[in-house]
Structures are given as structure tokens and as C-alpha cells.
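These notes concern the structure reproduced below.
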Amino acid sequence: MKIVLVGYGKMGKEIEKILVSRGHEVIGKATKDNPLSSEMVKNVDAAIDFSTPDSVLDNINFLITHKIPSIIGTTGWNESYDEVKHRIDTEDGAMVHASNFSVGVNLFFKLNEQLAKLMEPYKEYTPEMTEIHHTEKLDAPSGTAISLATDLLQNHTQFNDWYCPQNDKKSKSGNKLKIEAVREHDVKGTHTISYQSKIDTISITHEAHNREGFALGAVISAEWIQNKKGIFTMKDVLALS
Ligand SMILES: NC(=O)C1=CN([C@@H]2O[C@H](COP(=O)(O)OP(=O)(O)OC[C@H]3O[C@@H](n4cnc5c(N)ncnc54)[C@H](OP(=O)(O)O)[C@@H]3O)[C@@H](O)[C@H]2O)C=CC1
Ligand SMILES: O=C(O)C1=N[C@H](C(=O)O)C[C@H](O)C1
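Residues in the sequence shown are numbered from -11 upward in steps of one, following my numbering.
See the structure below:
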């Protein structure tokens, strides 16, 4: 495949390695000072976007307009999801998006759903979430934490929304699940869901050791989306229901 990388930072560089190792070609790299252009997307099979929360929506709209299948790993655009889905559905677009492209985290998503169902009758346990990332991360909470919280809320009735003390846009008031966002030097991404009671705590944790899993999942998604139309997630790519 001929691929354009949108964002050539920590993830863009990791994805390039995997693309080359699987026999693909990177024919363009969009960055802050060299954004997407019509010239850059001529004859490409897919674009893989790991850019910034501020630029991703413009990138997505550009790629839909130019009929380029897109793999969107950038986080922080959840509020625009309905608008993007409408464009993909009505303009015959093709996209795989995921807050986390690693196989391990997608299995962890299933574990979180199952644990929420199991804990639902035990009202003495209160769920809580923590995510830890590197200090350069621009969004809080992480996209993965938002996905985990959304799945938990759908399978457990104690709370009806989430809040994050490190995110001013979401108010704490009301009946909300707490997501603590911690920033430490060079952490690749750790997510913990805990159910706490006076007597004990039950926790599950996923810890990424490096960025390879995210990058591999994005490349597999670009291979998978070829000749497909519609908006998909990593769950579709992995055939996890
Ligand atoms: N879904 C998943 O599995 C994962 C998602 N992510 C998400 O991916 C995103 C990127 O992460 P990471 O690689 O660590 O971030 P980096 O900060 O390392 O890289 C961001 C890149 O985006 C580029 N950029 C900025 N503005 C634009 C623009 N207008 N057009 C194109 N590119 C632009 C930057 O350009 P310049 O170099 O010029 O500054 C930089 O190359 C984040 O949102 C992160 O949360 C990360 C890991 C896994
Ligand atoms: O910015 C990162 O690094 C990561 N971002 C994604 C997120 O926001 O969940 C995925 C992973 O946790 C790493």
C-alpha cells in the first residue's frame, strides 16, 4: 500500500517502521508546518492520522472530501463523532477509528465490560479509574479512559457520567465516575479500573510497555479497510463483538 502519515511524531515514526517491515510505502508525511494537501494524497491507498486533538477534525474532513480511506488514532475529538459519522455514511467514506489500536487494550475493553456486569449487584463497591501517560500528552483523560468509562457506564448503574479532575470542561457535580489522569515522564499508557469497598479493592490494569502495539494495530487496520466503505472501530477489525 501507499500510505500518507498525518502526524510524524512519536506514533508516526513507530508506524513508519511497521509499514516498511510489512512491505508498504510511506509517500507523504503531514506535520504542523507541512499540513495535508491535494498533492500529498494523490494515488494513496490510506492515510494514518496520529496528529493532535486540535488538528484532527480538519484532517478527517480533508480526507473525507478527497475520498481517502482513513485510520484515525488521534484522541480528543469524541464531541464531533456524530458529525464525522454522518459525513462518512452520506459520502461513501471509509474510516477505522480507535482510542486504542492495541490488541491487548481491545481485550482489556472486553474484560472491563465483563467486570462491570459482575460487580453491578454489589453496591458496596464503588468503581474508579486512573490513567497514567507521558507529560507531553495534550488531552486528559486519555481516549482509552473515555472508552473504558463509556463501556463501564453502559454495564453498571451506579454512575450516569464521568468526570476528570484534570479536565475543566467536564463538571464534577452530579453522579459521576471519577477518572484520575496522572502525567509522568515517558509512560507509554497505563489504565486501571478499581472497585473499592471498606473491606477490599478489586483492580484490573493494562500497561503498555512500548508503542509497537498501537502502531501494529493501525497498520493492520489500513490493510483491512481496503475496498470497504463505512465507519469502523478496532473491534470490527479484530472481529470482537
Ligand atoms: N489510538 C491509539 O492507539 C493511540 C493514540 N495516540 C494518540 O495519537 C496522537 C498523537 O500522539 P503522539 O504521536 O504521541 O504525538 P506527538 O506530539 O509525538 O506527534 C504529533 C504530530 O502531529 C503533528 N501535527 C500537528 N499539527 C498537525 C497538522 N495540522 N497536520 C498534520 N500533523 C500535525 C505534529 O507535527 P510537528 O512534528 O510539526 O509538531 C507531530 O508530528 C495523540 O492524540 C495520542 O493520544 C497515541 C498512541 C496510541
Ligand atoms: O497519547 C498517548 O500516548 C496515548 N494515547 C491514547 C489515549 O489517549 O488513550 C492511547 C494510548 O493510551 C497512548
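For glycine and all other residues, C-beta sits at the position ideal for the given N, C-alpha and C.
Considering only their Cβ atoms, is the gap separating residue j from residue i smaller than 8 Å?
| i | j | result |
| --- | --- | --- |
| Pro115 | Cys152 | no |
| Thr40 | Leu126 | yes |
| Met83 | Phe220 | yes |
| Thr118 | Arg171 | no |
| Ala34 | Ser68 | no |
| Leu228 | Asn94 | yes |
| Ala133 | Ile167 | yes |
| Gly92 | His194 | yes |
| Gly61 | Ala206 | yes |
| Phe97 | Asp149 | no |
| Val72 | Ile56 | no |
| Glu112 | Asn143 | no |
| Gln154 | Ala169 | yes |
Please determine, among the options, the residue with the shortest C-alpha to C-alpha distance to residue i.
| i | options | result |
| --- | --- | --- |
| Lys105 | Thr180, Met117, Thr145 | Thr145 |
| Arg199 | Lys111, Thr180, Lys176, Thr132 | Lys176 |
| Ala18 | Asn31, Ser43, Val8 | Ser43 |
| Leu99 | Glu211, Asp70, Asn155, Ser135 | Ser135 |
According to DSSP, what are the bridge partners of residue i?
| i | result |
| --- | --- |
| Asn100 | DSSP output for Asn100 lists no bridge partner at all. |
| Pro109 | According to DSSP, Pro109 bridges with nothing at all. |
| Gly16 | Val(-8) |
| Trp150 | Leu165 |
| Gln184 | Thr114, Thr189 |
| Met28 | According to DSSP, Met28 bridges with nothing at all. |
| Gly218 | Ala82 |
| Thr239 | This structure gives no information on residue 239, because the portion of the chain shown stretches from -11 to 229. |
| Ala34 | Ile(-9) |
So, for residue i: in the same chain, excluding its five sequence neighbours on each side, which residues have a beta-carbon less than 7 Å away from its beta-carbon?
| i | result |
| --- | --- |
| Glu4 | Leu(-7), Val14 |
| Thr63 | Pro41, Ser87, Asp127, Ser130, Gly131 |
| Ser209 | Ile59, Val84, Phe89, Met222, Val225 |
| Ala137 | Met117, Trp150, Leu165, Ile167 |
Is it buried or exposed for residue i, if we count other Cβ within 10 angstroms and need 16 for buried?
| i | result |
| --- | --- |
| Ser90 | buried |
| Asp37 | buried |
| Gly(-5) | buried |
| Gly16 | buried |
| Leu165 | buried |
| Glu2 | buried |
| Ile187 | exposed |
| Leu51 | buried |
| Gly0 | buried |
| Gly81 | buried |
| Val8 | exposed |
Spatial neighbours of residue i within its chain, please: C-beta separation below 6 Å, excluding the five flanking residues on both sides.
| i | result |
| --- | --- |
| Ser182 | Glu116, Thr189, Ser191 |
Leaving out five residues before and five after residue i in sequence, what residues of the same chain have Cβ atoms less than 8 Å from its Cβ?
| i | result |
| --- | --- |
| Asp77 | Gly218, Ile219 |
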